[in-house]
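Residue numbers (the numbering used here): 9 to 327.
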Amino acid sequence: MQSAWSDRDAEAAVARYEKFGRDVALRVYTTRLLGSDPRLVLHGGGNTSVKTRLVDLNGEEADVLCVKGSGWDMGTIEPAGLPAVRLAPLQKLRAREQLVDEEMVRLQRANLIDPSSPNPSVETLLHAFIPHKFIDHTHSTSVLALTDQPDGEALCREVYGARVGYVPYLMPGFLLAKAAAEVFDRDPSVEGLILVKHGIFSFGADARQAYERMIALVSMAEERLARNRKPAFVSATLPARPAALAEVTRPVAGAGRDSGVTNPDRDGVRPAPALFTATTSNEYAEPATSPVAVNVRAVAGTVVVVCTVAVDPANRRTR
Ligand SMILES: [Zn+2]
Numbered sequence: 009m010q011s012a013w014s015d016r017d018a019e020a021a022v023a024r025y026e027k028f029g030r031d032v033a034l035r036v037y038t039t040r041l042l043g044s045d046p047r048l049v050l051h052g053g054g055n056t057s058v059k060t061r062l063v064d065l066n067g068e069e070a071d072v073l074c075v076k077g078s079g080w081d082m083g084t085i086e087p088a089g090l091p092a093v094r095l096a097p098l099q100k101l102r103a104r105e106q107l108v109d110e111e112m113v114r115l116q117r118a119n120l121i122d123p124s125s126p127n128p129s130v131e132t133l134l135h136a137f138i139p140h141k142f143i144d145h146t147h148s149t150s151v152l153a154l155t156d157q158p159d160g161e162a163l164c165r166e167v168y169g170a171r172v173g174y175v176p177y178l179m180p181g182f183l184l185a186k187a188a189a190e191v192f193d194r195d196p197s198v199e200g201l202i203l204v205k206h207g208i209f210s211f212g213a214d215a216r217q218a219y220e221r222m223i224a225l226v227s228m229a230e231e232r233l234a235r236n237r238k239p240a241f242v243s244a245t246l247p248a249r250p251a252a253l254a255e256v257t258r259p260v261a262g263a264g265r266d267s268g269v270t271n272p273d274r275d276g277v278r279p280a281p282a283l284f285t286a287t288t289s290n291e292y293a294e295p296a297t298s299p300v301a302v303n304v305r306a307v308a309g310t311v312v313v314v315c316t317v318a319v320d321p322a323n324r325r326t327r
């Protein structure tokens with residue numbers, strides 16, 4: 009994928025959000041770039057942050073982490089969607105052994121610069137524990153297609169080598185933040201982190217560097233997938249005569265099976281491709297672990313019925 013960075017658009021954002029400062033303005037700008045690309049945020053988004061200084065309600069300067077707040081979409085985020093949390097109290101939490109989610113949320117809220125801000129992301133501490141100024145995080149479809157394989161970490165190591173660190177799977181929260189920071193500390197020269205079966209982080213000294221590292225790293229995953237991509241489309245010609253509903257529903261199971269998805273209830277049914285058009289699109293290298301969209305078009309008299317069925321055989325939870 010290509011970088012969508014534009015100096016002109018970046019400066020327009022800085023002018024538009026002047027009162028929030030350059031850091032927050034550029035954070036809004038590249039967060040929107042990431043959030044408007046479905047290849048990066050299809051599986052439930054991601055989050056971004058910037059470490060900066062701003063003036064608190066008492067008129068005093070404070071070091072803060074502005075991090076995506078819950079309830080905001082990355083593609084349309086505004087400065088209000090990046091609540092500012094005092095940085096030092098967040099970083100101090102790394103010394104703890106345990107921190108349950110409820111306590112973590114309370115501590116994050118207690119350190120908000122503006123108490124009316126939304127809750128900072130559940131991944132706030134990970135952003136706080138990594139020292140880089142700009143941090144971008146996505147659930148890139150291509151990266152997930154690699155890490156969700158049974159040998160996902162080995163596949164990623166083959167693609168990225170020492171360019172990134174590798175963090176084993178943990179639920180988002182305090183322990184994941186600590187584990188990620190430990191991986192980072194072992195080699196602070198990494199450009200990002202692969203969170204196995206979760207997503208990818210990239211870091212930078214400025215907004216453009218963090219964003220373009222994300223694009224470069226995701227592109228590497230895309231190229232790796234393209235090397236052993238399986239046939240993407242299965243199709244059949246639309247018939248001259250209309251199909252009965254029962255004849256349409258049966259082939260759907262067949263289409264799914266062709267793409268590597270099996271349905272035990274319908275396994276005995278044979279596809280009848282002469283009666284319908286079924287297109288399976290599979291963007292991934294391994295159909296057995298990736299979502300599959302099945303588009304079915306059936307002609308009944310003068311009516312054409314089009315439906316899309318999304319199948320997630322891995323039953324992966326959205327994050
Ligand atoms: Zn995430």
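We put the beta carbon where it would ideally sit given N, CA and C, even for glycine.
- request: Evaluate the contact criterion for the segment 147-156 versus the segment 205-216: three or more CB pairs, one atom per stretch, below 8 Å.
  value: yes
- request: Flag Asn127 as yes when its Cβ comes closer than 8 Å to any non-hydrogen atom of ligand 1, and as no otherwise.
  value: no
query: Can you round the beta-carbon distance between Pro180 and Val130 to whole angstroms, since I take them to be within the 8 Å contact cut?
result: 5 Å
message: Please report the distance separating the alpha-carbon of Thr270 from that of Leu65.
response: Model confidence at Thr270 stands at a pLDDT of 40, short of 50, so the residue's coordinates are unreliable and nothing is read from them.
field: Where Arg274 sits in the DSSP three-state scheme
entry: A caution first: Arg274 carries a pLDDT of 43, below 50, which makes its placement in the model unreliable, though a value can still be read off. Coil.
- prompt: In terms of DSSP beta bridges, what is Asn55 paired with?
  reply: His145
task: Counting only the same chain and skipping the five closest in sequence on each side, list residues whose C-beta sits under 6 Å from that of Arg203.
output: Looking at the sequence shown, residue 203 is not Arg but Leu. Result list for Leu203: Val175, in chain order.
- request: Between the Cα of Ala96 and those of Gly89, Leu120, Tyr37, Arg232, spot the shortest distance and give me the residue it belongs to.
  value: Leu120
query: Which residues does DSSP pair with Phe192 in a beta bridge?
result: Paired residue(s): none; Phe192 is not in a bridge.
field: Bounding residues of the alpha helix (DSSP H) (the contiguous stretch that carries Tyr168)
entry: 160-168
- request: Report all residues from its chain with a CB closer than 7 Å to the CB of Pro87; omit the five preceding and five following residues, and keep chain order.
  value: Tyr25, Phe28, Val32, Val36
- prompt: Is Ser11 closer than 9 Å to Gly77 when the C-beta atoms are compared?
  reply: no
- prompt: Is DSSP giving Gly173 helix, strand or coil here?
  reply: strand
message: If distances are taken between C-alpha atoms only, which option among Glu68, Asp109, Arg94, Cys74 comes closest to Ala118?
response: Arg94
message: Here's the rule I'm using: 16 or more other beta-carbon atoms within 10 Å means buried, otherwise exposed. How should Asn236 be labelled?
response: exposed
- prompt: Which stretch, first to last residue, makes up the beta strand (DSSP E) that contains Val72?
  reply: 69-75
task: Please report the Cβ distance between Arg40 and Met82, rounded to the nearest whole angstrom; I am assuming they are in contact, meaning their Cβ atoms lie under 8 Å.
output: 7 Å
- request: Counting only runs of 3+ residues fully inside the segment 90-147, write out the beta strand (DSSP E) ranges in chain order.
  value: 92-94, 142-146
Local conformation of Val198 per DSSP, three classes: coil
task: Please say whether Ala188 and Ile138 have beta carbons closer to each other than 9 Å?
output: yes
- request: Tell me, to the nearest whole angstrom, how far the beta carbon of Gly173 is from that of Phe192; I am working on the premise that it is less than 8 Å.
  value: 6 Å
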